[in-house]
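Read the structure below first, then the notes.
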Amino acid sequence: MSELVCDREFTGEIDGVERRIVVEWMKPHRERGDWRCDWVIHGLGDDPRQGHAFGVDSAQALLLAMGAVRGVVEHEAPKIRWLSADHGLGLPAIPEQ
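Counting from 4, one number per residue, gives the positions in the sequence shown under our numbering.
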């Protein structure tokens, strides 16, 4: 994976246990004419969850990667929060296209 560009820490309840979840987004890089942004989620289970998103430019790749992480976290840990319960996840919601 490439260099870390940003991260975010969440807390949430998973299977009745309060857990710390850390997400890392890597610096977008060119791949076959598009841009790719890799991400890693630590704390949802025993092993890190990894994925990536592609975009036509680096900004779109990063935003889509943030949206992908939001989808995974909301599905796997619906009681997760950032800062406080009132802040939600603080990640962009990417509308279906």
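Positions of the beta carbon are idealized from the N, C-alpha and C atoms, including for glycine. Predicted, not measured: the structure shown is a model, and the values here were computed from it.
Give me, in chain order, the residues of the same chain whose beta-carbon lies closer than 6 angstroms to that of residue i; leave out the 5 immediate sequence neighbours on both sides.
i          : result
residue 12 : 25
residue 9  : 28
residue 16 : 82
residue 76 : 83
residue 18 : none
Using the rule of at least 16 other Cβ atoms within 10 Å of the residue's Cβ for burial, across every protein chain shown, is residue i buried or exposed?
i          : result
residue 72 : buried
residue 7  : exposed
residue 93 : exposed
residue 62 : exposed
residue 68 : buried
residue 86 : exposed
Going by C-alpha to C-alpha distance, which of the options sits closest to residue i?
i          : options           : result
residue 49 : 22, 92, 77 and 86 : 22
residue 65 : 79, 33 and 80     : 33
residue 52 : 18, 84 and 79     : 79
residue 45 : 14, 97, 91 and 86 : 14
residue 95 : 39, 43 and 70     : 70
Counting along the chain, where does the alpha helix (DSSP H) carrying residue i start and finish?
i          : result
residue 66 : 61 to 79
On the DSSP letters alone, give me the boundaries of the beta strand (DSSP E) that residue i sits inside.
i          : result
residue 7  : 7 to 17
residue 33 : 32 to 34
residue 39 : 37 to 45
residue 24 : 20 to 29
residue 56 : 52 to 58
Once you ignore the five residues that flank residue i on each side, which residues in its own chain have a CB closer than 8 angstroms to its CB?
i          : result
residue 37 : 57, 58, 59 and 64
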